[in-house]
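For any residue, its number in this note's numbering is found by taking its place in the sequence shown, counting from 1, and adding 2. Yeah, the Cβ is synthetic: ideal placement off N, Cα and C, and Gly gets one too. This report concerns only the one structure given below.
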Amino acid sequence: MIPVRGFEGKTVAVFGLGRTGLTAARALIAGGAKVALWDEKVASREAAAAEGFPVVDLETADWRQFAALMLSPGVPLTHPKPHWTVQKAKAAGVEVLGDIELFARTVAAAPVHKRPKIIAITGTNGKSTTTALIGHLCASAGRDTRIGGNIGQGVLGLEDMHGGAVYVLELSSYQLDLTSSLHPDAVVLLNISPDHLDRHGGMDGYIAAKRRIFLNQGKGDTAIIGVDDAWCQQICTEITAANRRTIWPISSGKAMGRGVYALQGVLYDATGERVVEVADLLRARSLPGRHNWQNAAAAYAAARAIGIPMQDAVDGLMTFPGLAHRMETVGKIGKVRFVNDSKATNADAARQAMSSYPKFYWIAGGVAKAGGIDDLKDLFPRVAKAYLIGDAAEPFSWTLAGKAEVTMSGTLERAVQQAYADAAASDEEAIVLLSPACASFDQFSDFEARGEAFRAAVNGLVGGGKAAVA
């Protein structure tokens, strides 16, 4: 745990008692603060009380007693409208912050020789894979590495800091909205496409949240920015013009005079005086597809930015085991391979997987984001057949009409059975791809649960055993 500094003897209100809120409360207490916890769910309040936390009704509390409101990232800060706790905090002149901000202030309060290296990663898609990949590169090179934030463990639950440690943090737009003083040594902005627009009041608000990750960088720091989409290209241009830090653009499809890029699966380093061919990413089995080449370029650049030798970084790319639910092969039965890409909760994420296969049997659906799958029409010729599930099944069938054969499967288990039957009847090697282009909460608690259900359904095809993974 990282004891939070700066609130000794003061009381901090904590709203939202999931993983982030409870971890922050423990860290605040460890640092000498007092806390007042609340959640709108009775079960969450009871669990906190059972752990010994002071549970205080923040609706009736006197907010003048609080030094800050620690808000969990899932709670609306500004849109669709500020949460009532935010309104009460602002009315009382109480600052609103998140756990990443508590971490940032604790780092700033530490003696310089005890401050760790910080690599912060954001973007619409690929954050978790890139974060895990950077962590793997750092750990493989012998660095004392801690991975957290929006992936795995909450940042304040990680081991306490020291000068030789490296913190690799995945940051969502929600977390960045609640963060003002984080100073990363290296920042990675992978890509931007429309997502969470209801929480940010539109695209401008979403982009502004992502840009906050660069706020406190200066001379000696590195900004690693994907330039394969127009929004990130614009950010890269503007930050380069400011000339405050080292800028390394990254791309998975075009050669550049500086930065790190991949062409046809070959990774090039153009951060020095000459361009160097450093790795054949086609040999990195856990990094298939162009989107993963961007992730690899970002991870390699981040590792180099904090001083990891080139060969160590390349070796790490080749030994990365991959992440569950992200183009994960979960089984193979005969000539049919089953790929779990449940993390593809929007069309742009689904595009990455769909672009990686010339033909596939596609399982899609759930709760659609704005625009549905309209932007994927150029990839419909690759769809051997689509199996639609969840709330989006009907509107997706309209979009696919006349462009791909459709089966209204309804449930994921039925879709797996139907897709396997069709794929097994093919004369060729076949891919059954779960890449839903949708959120999962109509039928599942989260994308992980959906991915595990897919794995179970695949294993069910072999009589409850486990389908071979090859």
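If you draw a 10 Å sphere on the C-beta of Val464, you find fewer than 16 other C-beta atoms in it, and that means exposed. Straight-line spacing of the CA atoms in Pro383 and Ser442 works out to 25 Å. Taking the CA atoms as reference points, Gln219 sits about 14 Å from Lys212.
Of the residues His81, Ala244, Val338 and Lys12, the one whose Cα lies closest to the Cα of Glu430 is Val338.
By the neighbour-count criterion, in which 16 or more other beta carbons inside 10 Å mark a residue as buried, Asp41 falls on the buried side. Judged by their CB atoms, Ala32 and Pro75 are not nearer to each other than the 8 Å cut-off.
Assignment of Lys43 by DSSP, reduced to helix, strand and coil, places it in the coil class. Straight through space, the alpha carbons of Gly291 and Gln419 are spaced by roughly 26 Å.
Setting aside the 5 residues that flank it on each side, Lys116 is surrounded in the same chain by Met163, His164 and Gly165, each with a C-beta closer than 8 Å to its C-beta; the list follows chain order.
In this structure, Ala299 is the residue among Asp444, Val170, Leu284 and Ala299 with its C-alpha nearest to the C-alpha of Val229. Between the alpha carbons of Trp364 and Leu435 lies a gap of roughly 5 Å. Counting the other CB atoms within 10 Å of its CB gives Trp400 a total below 16, which places it among the exposed residues. Fewer than three Cβ pairs drawn from the region 51 to 71 and the region 193 to 205 lie within less than 8 Å of each other, which leaves the two stretches out of contact.
Pairing Leu79 with Val96 gives a Cβ-Cβ distance that is not under 8 Å. Taking C-beta atoms as the reference points, Ala417 and Ser411 count as a pair closer than 8 Å. Residue pairing from DSSP places Glu172 in a beta bridge opposite Ile123 and Gly151. For Leu104 against Val88, the beta-carbon gap comes to about 17 Å, at or over 8 Å, which does not count as contact. Within the region 34 to 80, the runs of alpha helix (DSSP H) at least 4 residues long that lie entirely inside it are, in chain order, 44 to 52. Rounded to whole angstroms, the Cβ separation of Ala272 and Gly259 is 6 Å, and the two are in contact under 8 Å. Secondary structure note for Pro251: it is in no alpha helix (DSSP H), and the uninterrupted beta strand (DSSP E) holding it is Thr248 to Ser253. For Gly228, the enclosing beta strand (DSSP E) covers residues Thr224 to Gly228. Taking C-alpha positions only, Arg452 is separated from Glu53 by approximately 31 Å. Burial is judged here by how many other beta carbons sit within 10 angstroms of a residue's own beta carbon; Arg28 has at least 16 and is buried. Residue burial is scored here from C-beta neighbours: Leu284 has fewer than 16 other C-beta atoms within 10 angstroms and is therefore classed as exposed.
Annotation for Gly261: the continuous beta strand (DSSP E) segment containing it runs Gly261 to Leu265. Under the DSSP assignment, Leu30 falls in the alpha helix (DSSP H) whose first and last residues are Arg21 to Ala32. One alpha carbon belongs to Thr133, the other to Lys361, and they sit about 29 Å apart. The Cβ neighbour count for Asp187, taken over all protein chains shown within 10 Å, is at least 16; the residue is labelled buried.
Counting along the chain, Ala366 sits inside the beta strand (DSSP E) bounded by residues Phe362 to Gly367. The C-beta of Glu172 has 16 or more other C-beta atoms within 10 Å across all chains shown, which makes the residue buried. For Leu319, the enclosing alpha helix (DSSP H) covers residues Met312 to Thr321.
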